[in-house]
Amino acid sequence: MARLFGTDGVRGVANEELTPLLAMQLGQAGAHVLTKETNHKPTIMVGCDTRISGDMLANALMAGVCSVGANAVYVGVVPTPAVAYLTRKYKVDAGVVISASHNPVEFNGIKFFDSEGYKLPDAMEDEIEALIRNNMEGVKFPTGSGVGKIKYRTDAREEYINHTIRAVDIDLSGLKIVVDCAEGASFYTSVEALKELGANVVAIHNMPDGTNINANCGSTHMEELCARVVYENANLGIAFDGDADRMLAVDEKGKLVDGDQIMSIVGNFMKQQGTLKKDMIVVTVMSNLGMTLMAQREGIHLEQTKVGDRYVLERMKEVGANLGGEQSGHIIMLDSNTTGDGLLSALLLLEVIVKTGKKLSELAEIMEVLPQALINAKVPNHKKSSYMEYPEIAAAIEELDKKFAGEGRVLIRPSGTEPKVRVMIEGKDQKMIEQEARKLADLIQNTML
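Written out as structure tokens, the structure reads:
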């Protein structure tokens, strides 16, 4: 049986793969594993994004939490990084987010944070999963006064806004910013934070109805934001994903500024300020080759790890770095939060713009983005990690490796959150690498179906 946990919690189609029963079991097992060392009645904080299935799954999960004798605090719709921060601030025993991030509305997910606001290591996730598979063997279910309670808080998002604003020292007066909230968890927090700092905010996709999250908007669909920034004659645009743990930007000319470029801009500014620990940025193997060239030129060490912000965070903690992230816009600033934080990333990018007096397009020139093609092959979820077991696929990958040796690179990997195999090729000719990536992705998809 496939592992329940992917790179970002448990994901699946809500009410089909991720059922209320599974949510309840995750609440029971998670509460037991995360709090078994405590000598008090434990408390777990729960938040969600704007998906229509969020309330259903959150309530099922909290029922599971209460059934093993733990209490739950429900903070409602807040960004994922808000739950990480609030878990630490209120000194509760764990945090849970009900969200499928950038995925379509039919999906949902459940991810856990420990008491320090960090995502769980594989070993702890395996322990939770083993309890579920063993029908909660050894878990006690109290009765009477031993059952847990649920407390509802409506002030949590304001706490997160205030914390994030305190992380920067800037006045955004005079800046016009278009903000795409992805009809998701940032629809209130990002707009209010930028307004409180003095920005002229043009908010789009900030009217979530439970079914429109990520629908042709947000950080996975940047076309509208690019056009709107130019139309509004704005200084820049900012796009979040559904749970607001990632952020991408658009310069004043309507050109995309991705996570690699944002880390390059912020990292160099931090280095100049003496705040970039060990002059190091932790990135993944998906980061553009242009970032490597930038780092060599600017005297910054890039530490590489496998794809997934949890692996970036693990390496950051191992090596003592305070800046890391992914091309997709998951950026971790460990001085201020323990997970990817879209709003914090946006404010730190804005801080560079304000303090240098430069336009975003000018700042983005620090890194040349080399041509890169990324094509997804849709495959059955249980097969996605075994693509190299198919001789024709292995042979095609070997042939491409030889073709691009010395002039680019080929990276194939299963998605950690979706039923897909991702094909990424870097090279000098955009048209050619797109053709080759499409050809390989079609082969993988047709062979593995």
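Per numbering that gives the first Met the number 0, residue 0 is the first one in the sequence shown, and the count goes up by one each step.
Built from N, CA and C at the ideal position, the CB exists for glycine as well.
Beta-bridge pairing by DSSP links Q303 to V282. For N267, the enclosing alpha helix (DSSP H) starts and ends at 258 to 272. If you compare the alpha carbons of I352, Y310, L288 with that of E406, the shortest gap goes to L288. Taking a C-beta distance under 8 Å as the contact criterion, A214 and G253 do not qualify as a contact pair.
Excluding its 5 nearest sequence neighbours in each direction, Y310 has C-beta neighbours in its own chain below 6 Å: T304, listed in chain order. Counting only residues of its own chain and dropping the five nearest sequence neighbours on each side, H329 has a CB closer than 6 Å to the CB of R245, D308, G339. Apart from the 5 residues on each side of it in sequence, A393 sits with its Cβ closer than 6 Å to the Cβ of M387 in its chain, given in chain order.
In the three-state reduction of the DSSP assignment, L333 falls in the coil class, being assigned neither a helical nor a strand state.
The DSSP-derived three-state label of R50 is coil. Cβ-Cβ separation between D48 and I149: approximately 19 Å, too far for a contact (criterion under 8 Å). Around D259, the same chain offers S286, N287, M290, Q326 as residues with beta carbons nearer than 6 Å, after the five sequence neighbours per side are excluded. For D400, the enclosing alpha helix (DSSP H) has its first and last residue at 390 to 403.
Take the alpha-carbon of I264 and the one of A93: they are about 34 Å apart. Annotation for I149: no alpha helix (DSSP H) segment contains it, though the beta strand (DSSP E) segment containing it runs 149 to 151. DSSP, reduced to helix, strand and coil, places Y230 within a helical segment of the structure shown.
By the Cβ test, the segment 128 to 147 is not in contact with the segment 74 to 86, since fewer than three Cβ pairs between them sit closer than 8 Å. Take E124, set aside five residues on each side of it, and the residues of its chain with a beta-carbon closer than 6 Å to its own are F4, in chain order. For K110, no alpha helix (DSSP H) encloses it; the enclosing beta strand (DSSP E) starts and ends at 106 to 112. Per the DSSP secondary-structure output, K175 pairs in a beta bridge with N199. Per DSSP, reduced to three states, the secondary structure at R245 is strand. The shortest C-alpha to C-alpha distance from G236 to any of N199, D208, G266 is the one to N199. For A345, the CB contacts under 6 Å within the same chain, skipping 5 residues up- and downstream, are I237, M246 in chain order. Between D154 and L224, the beta carbon gap of about 30 Å keeps them out of contact (Cβ cut-off 8 Å).
Here K90 carries a coil assignment [DSSP, helix/strand/coil].
Here Y159 is buried: its Cβ has 16 or more other Cβ atoms, across all protein chains shown, within 10 Å.
In this structure F140 is exposed. Its beta-carbon is surrounded by fewer than 16 other beta-carbon atoms within 10 angstroms.
Three or more Cβ pairs closer than 8 Å define a contact, and the segment 179 to 196 meets that threshold against the segment 70 to 81. Between E417 and A372, the C-beta spacing is not below 8 Å. Pairing K194 with L171, the inter-Cα distance amounts to about 8 Å. Distance between L33 and K40, taken at the CA atoms: about 12 Å. Under DSSP, N70 shares a beta bridge with T42. Counting along the chain, the unbroken beta strand (DSSP E) around I237 starts and ends at 235 to 239. Between M262 and L322, the C-beta spacing is below 8 Å. In this structure, V9 sits away from V67, with a CB-CB distance that is not shorter than 8 Å. Rounded to the nearest whole angstrom, the CA to CA distance from K270 to L369 is 24 Å.
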